[in-house]
Amino acid sequence: MLHLINQASPQASAPTMNLVATAMEKVPAAHQLLLLGGAPLSDAVTAAQVTDFQTMGIPGGHALAAIPRLRHWLTDNPRPDLIHCWSVGTLLLSSLMFRNTPRLLTLTVMPSKREIHLLRMLAAEAGDKLGIVAITSGIARALLTMGVRPESVDVLRPGIDMGLVKTSDRDALRERWELAGDEPFVVMLLSDPPTQADASEASLMLGLTNVSLNHPNRPVHLLIHPDQKNRLAALNPMRPLNSEHLIISDARVAVPWQVLPGCDAVIAMQDGGAGLSIPWAMAANVPIIGHATAEICEWVEDHHSALLVAPGQPALRHLAGKLQTVLTDPQQTYKLRDTARHEAFSFYSRTRFGSDLKTVYEQLLAAQQLNVPDMPSTGGLRFTGRG
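Position one of the sequence shown corresponds to residue 4 (this note's numbering), numbered consecutively onward.
And the structure:
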């Protein structure tokens, strides 16, 4: 079993790498993980608790640039029986070099139209030798509506390793962010990939400032990645109010389980906020606020496990209003985050993910139509409190 991912892919993130770790741990097989990239990709894999992997330095982390080195690698290693691709680029690479080998692609972020057209051609050419599993129905639906072979596409919900969320790290995180005590309210901007969401939404920034002005003893801070899209532009509406300090930048946002214990809420925007970061926030027992897009509503439900507003409405009035609710109504906030964590434990089990993935592997090896088992509700445990 050979796992492939390249650094240039939007899926080359720590949450995706944690799924790789789960696959290698929960599915009995001889696994090999080959990273097509450099230090950033290796760091993401290490953060996801993967220790057994090989790195292949590739210019720019582009998959097709790995063809010469992969040919040399095959001279010292046996040809795999099955290839699990974790990016569209590595699927194209494996289709060129392992044409007769069964291949599986896992999609954790929405592919571009160009990538979907490529997947349509690859699926038509490969037939039963190619399977594509998406973590959400929205991604699978996008593939099907653009003509990708239906027999090759199914939905496989992810598994979340709740043990990686260390609630005891809260004080150390807030000290790192130079926050005094537990009063400052930290809101993390969810983004998949980590830098995809646009930080320059002026309405969001002004909304956070507005909430802070109404709660002078509990300022509201926004946590983003240092390379967040339009990060510098996000400071413009803050400067007239001398509120630049409300923006916190931390590179560890790319590894959500490392920073979520220090947060008091998360915001999932319609642009890039509907990926693997949401189930991690659910598992971390952090209240979720966001836009009620179809993709986000696959994970959470308004006034049940999150507080959502219609997409496109100005965040100044609506998202800020939801933040006010989280700040002023601890009982409702407790119910929301408790429900979300309970559902994360019930639905996003690593054991269930590994079992379903094993079934998919067996179907591919037997040249059968892809059919992921229905996801049962385990009942789980009911978690209470921050811990």
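By construction, the Cβ of each residue, glycine as well, lies at the ideal position given by its N, Cα and C atoms.
Endpoints, the alpha helix (DSSP H) within which residue i is located
{"i": "Ala3", "result": "What the structure shows of the chain is the stretch from 4 to 390, and residue 3 is not part of that stretch, so it cannot be assessed."}
{"i": "Met100", "result": "91-100"}
{"i": "Arg72", "result": "70-79"}
{"i": "Phe356", "result": "353-368"}
{"i": "Met27", "result": "17-29"}
{"i": "Asp157", "result": "Not the alpha helix (DSSP H): Asp157 falls in the beta strand (DSSP E), residues 156-158."}
{"i": "Gly141", "result": "140-148"}
{"i": "His224", "result": "First-last for His224: 223-227, but that is the beta strand (DSSP E), not the alpha helix (DSSP H)."}
{"i": "Ile119", "result": "116-129"}
{"i": "Val190", "result": "Premise fails: Val190 lies in the beta strand (DSSP E), 188-192, not in any alpha helix (DSSP H)."}
{"i": "Trp260", "result": "259-262"}
{"i": "Val168", "result": "Per DSSP, Val168 belongs to no alpha helix (DSSP H) and is neither H nor E."}
{"i": "Asp3", "result": "This structure gives no information on residue 3, because the portion of the chain shown stretches from 4 to 390."}
Nonlocal neighbours in the same chain, by C-beta distance under 7 Å from residue i, ignoring five residues either side
{"i": "Phe56", "result": "Leu36, Leu38, Val48"}
{"i": "Asp305", "result": "Ala295, Leu311"}
{"i": "Thr387", "result": "Because the pLDDT at Thr387 is just 36, under 50, the model does not fix this residue reliably, and the value given afterwards should be weighed accordingly. Only Asp341 meet the Cβ criterion."}
{"i": "Thr381", "result": "The predicted model places Thr381 with a pLDDT of 45, which falls under 50 and marks its position as unreliable; any figure quoted below should be read in that light. The answer, listed in chain order, is Ser349, Ser352."}
{"i": "Val168", "result": "Trp260, Leu263, Pro264, Ala286, Ala287"}
{"i": "Ala237", "result": "Ala202, Ser203, Met208, Ile250"}
{"i": "His307", "result": "Thr342"}
{"i": "Pro13", "result": "Val112, Pro196"}
Residues bridged to residue i [DSSP beta-bridge criterion]
{"i": "Gln334", "result": "Beta-bridge pairing links Gln334 to no other residue."}
{"i": "Val375", "result": "According to DSSP, Val375 bridges with nothing at all."}
{"i": "Cys88", "result": "Leu7, Leu108"}
{"i": "Ala309", "result": "Asp305"}
{"i": "Gly324", "result": "Looking at the DSSP assignment, Gly324 forms no beta bridge with any residue, so it has no partner."}
{"i": "Asp201", "result": "Lys232"}
{"i": "Gly293", "result": "Ala271, Leu311"}
{"i": "Ala137", "result": "Leu110, Val158"}
Residues near residue i by beta carbon distance below 8 Å, same chain, minus five either side
{"i": "Arg82", "result": "Phe101, Thr104"}
{"i": "His218", "result": "Phe188, Leu330"}
{"i": "Gln327", "result": "Val214, Asn217"}
{"i": "Lys116", "result": "Met149"}
{"i": "Val363", "result": "Leu107, Gly134, Val136, Asp157, Leu159, Leu373, Val375"}
{"i": "Ala145", "result": "Met113, Pro114, Ile119"}
{"i": "Cys300", "result": "Leu311"}
C-beta atoms of residue i and residue j nearer than 9 Å
{"i": "Met285", "j": "Glu204", "result": "no"}
{"i": "His65", "j": "Ala11", "result": "yes"}
{"i": "Asp3", "j": "Gly141", "result": "No answer is possible for residue 3: the residues shown for the chain start at 4 and end at 390."}
{"i": "Pro229", "j": "Asp253", "result": "yes"}
{"i": "Thr212", "j": "Ser246", "result": "yes"}
{"i": "Ile251", "j": "Leu322", "result": "no"}
{"i": "Pro333", "j": "Pro161", "result": "no"}
{"i": "Val158", "j": "Val375", "result": "yes"}
{"i": "Thr111", "j": "Pro18", "result": "yes"}
{"i": "Leu133", "j": "Val91", "result": "no"}
{"i": "Val303", "j": "Ala343", "result": "yes"}
{"i": "Leu67", "j": "Leu99", "result": "yes"}
{"i": "Ser155", "j": "Ala126", "result": "yes"}
{"i": "Gly40", "j": "Ile86", "result": "no"}
{"i": "Ile292", "j": "Lys325", "result": "yes"}
{"i": "Val53", "j": "Gly357", "result": "no"}
{"i": "Ala139", "j": "Glu298", "result": "Before going further, note that residue 139 is Thr rather than Ala in the sequence given. Yes, they are a contact pair."}
{"i": "Leu207", "j": "Leu225", "result": "yes"}
{"i": "Arg177", "j": "Asp185", "result": "yes"}
{"i": "Gly276", "j": "Leu193", "result": "yes"}
{"i": "Asp84", "j": "Leu368", "result": "yes"}
Residues of its chain near residue i, where Cβ-Cβ distance is below 6 Å and the 5 sequence neighbours each way are ignored
{"i": "Ala26", "result": "Leu360"}
{"i": "Cys266", "result": "Val189, Met191, Val289"}
{"i": "Gln273", "result": "His294, Thr296, Pro314"}
{"i": "Gln231", "result": "Thr198, Ala202"}
{"i": "Ala51", "result": "Ala17, Met20, Asn21, Ala24"}
{"i": "Met113", "result": "Ile142"}
{"i": "Trp180", "result": "Ile251"}
Residue i Cβ short of 8 Å to the ligand PLP heavy atom set
{"i": "Thr354", "result": "Absence of the ligand PLP from the depicted structure is noted, as is the absence of any ligand whatsoever, leaving it without description."}
Any chain C beta carbon closer than 9 Å to residue i
{"i": "Pro81", "result": "Although the question refers to chain C, the structure presented lacks it and comprises just one protein chain."}
Unbroken beta strand (DSSP E) run spanning residue i, endpoints
{"i": "Ile251", "result": "250-252"}
{"i": "Thr54", "result": "It is not in any beta strand (DSSP E) - Thr54 carries neither H nor E in the DSSP assignment."}
{"i": "Leu38", "result": "35-39"}
{"i": "Ile270", "result": "268-271"}
{"i": "Val151", "result": "Careful: Val151 lies outside any beta strand (DSSP E) and carries neither H nor E."}
Inter-residue CB distance, residue i and residue j (contact presumed, cutoff 8 Å)
{"i": "His34", "j": "His75", "result": "Not really, about 21 Å apart at Cβ, beyond 8 Å."}
{"i": "Asp172", "j": "Ala370", "result": "Not really, about 47 Å apart at Cβ, beyond 8 Å."}
{"i": "Leu235", "j": "Met241", "result": "Going by Cβ atoms, the distance from Leu235 to Met241 rounds to 11 Å, so no, they are not a contact pair."}
{"i": "Ile70", "j": "Leu96", "result": "7 Å"}
{"i": "Ala32", "j": "Met59", "result": "Not a contact, Cβ separation roughly 21 Å."}
{"i": "Ile227", "j": "Val258", "result": "Incorrect: roughly 14 Å between the Cβ atoms, too far for contact."}
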